[in-house]
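Everything in the sequence shown is counted per the numbering used here, starting at 3 for the first residue and increasing by one.
All C-beta atoms in this analysis are idealised placements derived from N, C-alpha and C, irrespective of residue type, glycine included.
Below is one structure, written out as structure tokens; comments come after it.
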Amino acid sequence: MTTLKSKLQEDLNAAIKERDELRSSTLRLTLAAITKEEVAGKEKRELSDDEVQKVITREAKKRREAAEAFAQGGRPEQAEREKAEGEVLAAYLPKQLSDDELGEIVSQAVQEARAAGAEGPRAMGAVMKIVNPKVAGQAEGGRVAAAVRKLLAG
Numbered sequence: 003m004t005t006l007k008s009k010l011q012e013d014l015n016a017a018i019k020e021r022d023e024l025r026s027s028t029l030r031l032t033l034a035a036i037t038k039e040e041v042a043g044k045e046k047r048e049l050s051d052d053e054v055q056k057v058i059t060r061e062a063k064k065r066r067e068a069a070e071a072f073a074q075g076g077r078p079e080q081a082e083r084e085k086a087e088g089e090v091l092a093a094y095l096p097k098q099l100s101d102d103e104l105g106e107i108v109s110q111a112v113q114e115a116r117a118a119g120a121e122g123p124r125a126m127g128a129v130m131k132i133v134n135p136k137v138a139g140q141a142e143g144g145r146v147a148a149a150v151r152k153l154l155a156g
């Protein structure tokens with residue numbers, strides 16, 4: 003078992019013993035998503051820590067989107083629950099980049115892309131190819147794309 007998956011399992015056991023309903027249900031759902039990912043495809047396989055982290059990131063994003071939807075739909079108590087679940091999952095993810103750090107990485111990538119001959123709106127793809135490996139797991143794709151668009155337009 004990967005170290006991250008075993009940590010989730012240990013934390014789930016601790017949450018159950020502490021009768022922490024929020025953490026235990028969130029970790030159960032996350033472990034179920036990991037197991038689903040492991041058995042998807044033609045044969046069962048063990049996920050690496052990076053793959054487990056991608057599953058956790060996807061689950062955290064689902065929680066954020068659900069919280070926004072519930073808030074817009076006039077269900078603040080459900081929105082709060084989703085936000086709390088997202089915070090539980092955030093503990094297992096790498097620290098997110100600040101807007102300043104992200105901006106700096108994007109501006110360097112824009113300079114690299116321009117040096118390679120990419121100009122205007124068409125440079126978006128070239129810049130994203132440079133930025134994505136540098137910020138993998140530390141910034142959401144939508145945030146990165148918005149920063150790139152802002153710099154290319156400006």
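Under 8 Å, do residue i and residue j count as touching if we go by C-beta distance?
i, j, result
"LEU49", "VAL112", "no"
"GLU82", "ALA68", "no"
"LEU10", "LEU31", "no"
"ASP51", "LEU91", "no"
"LYS46", "GLU39", "no"
Under the assumption that residue i contacts residue j (Cβ atoms under 8 Å), give the Cβ distance between them as a whole number of angstroms.
i, j, result
"ALA115", "VAL129", "5 Å"
"LEU24", "GLU87", "7 Å"
"LYS63", "GLU142", "7 Å"
Taking residue i as the reference, which of the options has the closest Cα?
i, options, result
"GLU12", "VAL146, TYR94 and GLY76", "TYR94"
"GLU61", "SER100, GLY75, PHE72 and THR28", "THR28"
"LEU99", "VAL146, LYS44, VAL150 and ILE36", "VAL146"
"SER8", "LYS19, ASP22 and THR37", "THR37"
"ALA1", "ASP22, ILE58 and GLN74", "Absent from the structure is residue 1, since the part of the chain shown begins at 3 and ends at 156."
"PRO96", "ALA125, VAL54 and SER26", "VAL54"
"ALA125", "ARG151, LEU104, GLU103 and ILE18", "ARG151"
"LEU104", "ALA148, GLU70 and GLU121", "ALA148"
"GLU89", "GLU70, ARG77 and ARG66", "ARG66"
"ALA155", "ALA42, SER26, GLU121 and VAL133", "GLU121"
The stretch 133 to 152 / the stretch 100 to 109 touching (three or more Cβ pairs under 8 Å): yes
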